[in-house]
Amino acid sequence: MSVTTSFPAPVLRAAGDSALIVELGDGIAQDLNAAVHRLDRRIADAGLPGIVETVPTYRSILVQFDPAVMAAEPLGQALLDLAAELTQAAAEPQLRWIVPVCFGGAHGEDLDDVARRSGLSAEEVVRLHCTADYRVYMLGFSPGFAYLGGLPEVLHQPRRENPRMVTPAGSVMQGGAQAAISPIAMPSGWHLLGRTPAKTFDLKREPPFLLAPGDRIRFTAISAAEFDRLEGLSGYLPDCETVTAPAALLQGAAA
Amino acid sequence: MTSHLRVVAAGPSSTLQDRGRIGYQRYGVSVAGAADPLLHAVANALVGNRPGEGAVEFTLAGDSIVVEGGPVRIAVAADAELTVDGEPVPAWTSLRLTDGQTLRIGALRSGMRGYWAVESGFALQPVLGSVATHIRSRMGGLDGSALKAGDRLPLALDQAADRGERCFDPSLLPARGGRLRVMLGPQQDYFTPAGIEAFLEEDYTVSHEADRMGCRLDGPVIEHARGFNITSDGIPLGAVQVPGTGRPIVLLADRQTTGGYPKIACVVGPDVAALAQMRPGERLRFTPVDATEAGRIQARHREMVDGLPALLQSAGGFALYDSGRLLGFNLIGGAVTGWD
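Chains as they are written, first to last, in our numbering: chain H, 1 to 255; chain D, 256 to 595.
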């Protein structure tokens, strides 16, 4: 049986002449984000004319449309109707990726600083990262960049005052209340904890993007030698298991 | 042998662009694509291509390229001086160049960006459905980077047929002033009434911090009402984001897909291209329009792009015909047949 969500009424926001934003709420919360991705699938299934692409984020969806095919007003109404009918999904199995990370040293230059600011040892920080149950909230910013929720609160700290111009491909990082896996070299103000040999974005692979919103992530610590070995394997993919969504996720939206 | 164009010297920032990478923003992939789609479409129309074919966008000054193989039909849509093997030739006109001829595209006399296209485009493998170059993520183009001397661009068409050339009268392009039309939102509620008034009533100036990703403006500070951090959401083309400094940044073709600064307004599509053509120091002012008016502006722009082929004239037709420079080129180039 499905239940209606108790989120505040969805809000429609104009975003220029060819885009609308449907906002289901604010902030970073698992049930809110799960509802966003359910609505995104509903929009895709509805096959509304004129939609060019959608960009689901933490709490909203940017809907890019072709105004020559569909005007903003009827499209907006159709989107609000879909959002209003949004129901709780049945327990969907999720993928959990076991992502190997070589923490600290040259692979994660900021690990010691993060530990010092948290009042913990570097080993404790690594242990916390490896026991946390991370969830992919969205992909954005750069190709395949995965925003992860679930960073233990003791590790929350502001981003670097001076962003680095380049962070290495495969960086596992944290910033604010979030963690991230950054598959390509990018400028970033997040704290570098380590690197993974797993290519979460690879144009030579089909599909090129490994992670999807809703996927879960468990980090596991590896040595520099193991990093080199795995990085040298062609077509290496991290281990993956199927998990059932925790009950809290199902009840969260209705609570 | 496949015909090529070899880059002898590249302009300051020349990249292959099409209409952009559509459908991958949800994976964090930037759209990219031509910063001025209308001018890009003019270059393509001149050589008989569809509007979205891959063409080179150059910035402030163009490239020097030599034909290897050919003949190659090429056209430059830009207010710039061109030479073929040192002899002046006109812009806004298709040219048929033969093996060994060098086209040199000089500095732009106005605007920031010009385009050159070849008939049938380049024989390059699309990346995620597009050849558009996005330098920050090293995607598209030849190797995900700007053109550089020594690059060899393979052509989809080995030999361009001998037929009448086409030209375009650039005075037909819509006038672009310093007024950029915007629709307020999506986060205008993050700004005080005074902040919105400053944004809509005062002049802004294009700063030197401007590239294909975004254009930072100098001018009155736009006051935030409740901080300058939002939960990161999607960024449409032309979004005007206002970071903590209160100075707006208009996001262009190479923009990141998501961001956490509030967006006071979005520039209407065709006016985003107008901004992308403005140089540092140029002044502009934002004018609010509603969705209906924005739709009309978009529709007019679309009619213009769709109607481009009908606006072209035979290059033998009017003013160009009695151009001594043009006749000179024909004799020197030995490609007289192209101009009949």
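The C-beta atom is built at its ideal place from N, Cα and C for all residues, glycine as well.
DSSP three-state label for residue i, please.
i                    : result
alanine 9(H)         : coil
phenylalanine 227(H) : helix
serine 569(D)        : strand
valine 297(D)        : helix
glutamate 452(D)     : helix
leucine 237(H)       : coil
alanine 44(H)        : helix
glutamine 77(H)      : helix
methionine 256(D)    : coil
glycine 266(D)       : coil
threonine 200(H)     : coil
alanine 330(D)       : strand
valine 166(H)        : strand
proline 93(H)        : strand
glutamate 323(D)     : strand
histidine 479(D)     : strand
valine 344(D)        : strand
glutamate 139(H)     : Looking at the sequence provided, one finds leucine at residue 139(H) rather than glutamate. Leucine 139(H) falls in the strand class under three-state DSSP.
alanine 335(D)       : strand
alanine 19(H)        : strand
arginine 261(D)      : strand
tyrosine 58(H)       : coil
leucine 350(D)       : strand
glutamine 64(H)      : strand
So, is residue i buried or exposed, given that buried needs 16 or more other C-beta atoms within 10 angstroms?
i                : result
proline 429(D)   : exposed
histidine 129(H) : buried
leucine 180(H)   : For the sequence presented, residue 180(H) should be read as alanine rather than leucine. Flag for alanine 180(H) reads buried.
serine 60(H)     : buried
cysteine 102(H)  : buried
proline 207(H)   : exposed
serine 392(D)    : buried
cysteine 521(D)  : buried
alanine 574(D)   : Residue placement at alanine 574(D) cannot be trusted, given a pLDDT of 40 that sits under 50; what the coordinates show is reported in the next sentence. Answer is exposed; the Cβ neighbour count stays below 16.
leucine 32(H)    : buried
lysine 403(D)    : exposed
glycine 25(H)    : buried
alanine 84(H)    : exposed
With residue i and residue j assumed to form a contact (beta carbons below 8 Å), what rounded beta-carbon distance in angstroms separates them?
i                 : j                    : result
glycine 303(D)    : phenylalanine 377(D) : The pair is not a contact, with the Cβ atoms about 15 Å apart (cut-off 8 Å).
proline 498(D)    : arginine 13(H)       : Not quite, the Cβ-Cβ distance comes to about 19 Å (not below 8 Å), so this is no contact.
glycine 474(D)    : threonine 460(D)     : 6 Å
histidine 191(H)  : aspartate 113(H)     : 7 Å
serine 349(D)     : alanine 570(D)       : 7 Å
threonine 512(D)  : serine 285(D)        : 6 Å
isoleucine 329(D) : valine 297(D)        : Not confirmed; about 13 Å, so no contact.
isoleucine 28(H)  : tyrosine 137(H)      : 7 Å
isoleucine 477(D) : glycine 501(D)       : 5 Å
Locate the alpha helix (DSSP H) running through residue i, then write down its first and last residues.
i               : result
proline 187(H)  : Run containing proline 187(H): none in the alpha helix (DSSP H); it sits in the beta strand (DSSP E), 186 to 188.
arginine 557(D) : 546 to 561
Got a sec, what are the start and stop residues for the beta strand (DSSP E) residue i sits in?
i                    : result
phenylalanine 313(D) : 310 to 314
leucine 120(H)       : Here leucine 120(H) belongs to no beta strand (DSSP E), and DSSP marks it neither H nor E.
methionine 173(H)    : 171 to 175
proline 525(D)       : Note, proline 525(D): premise wrong, no beta strand (DSSP E); alpha helix (DSSP H) at 524 to 531.
leucine 193(H)       : 191 to 195
arginine 216(H)      : 216 to 221
glutamine 356(D)     : Run containing glutamine 356(D): none; DSSP gives neither H nor E here.
threonine 500(D)     : Segment: none, threonine 500(D) is in no beta strand (DSSP E) and carries neither H nor E.
alanine 146(H)       : 146 to 149
histidine 463(D)     : 459 to 465
alanine 179(H)       : 178 to 182
aspartate 473(D)     : 469 to 473
arginine 538(D)      : 538 to 543
Going along chain A, which residues have a C-beta under 9 Å from residue i?
i                 : result
isoleucine 277(D) : Among the chains of the structure shown, chain A does not appear; the protein chains present are H and D.
- Message: As an exercise, report each continuous beta strand (DSSP E) stretch of at least 3 residues that is fully enclosed by the region 364 to 445 of chain D, in chain order.
- Response: For the region 364 to 445 of chain D, whole beta strand (DSSP E) runs of length 3 or above, ordered along the chain, are 368 to 373, 407 to 409 and 434 to 439.
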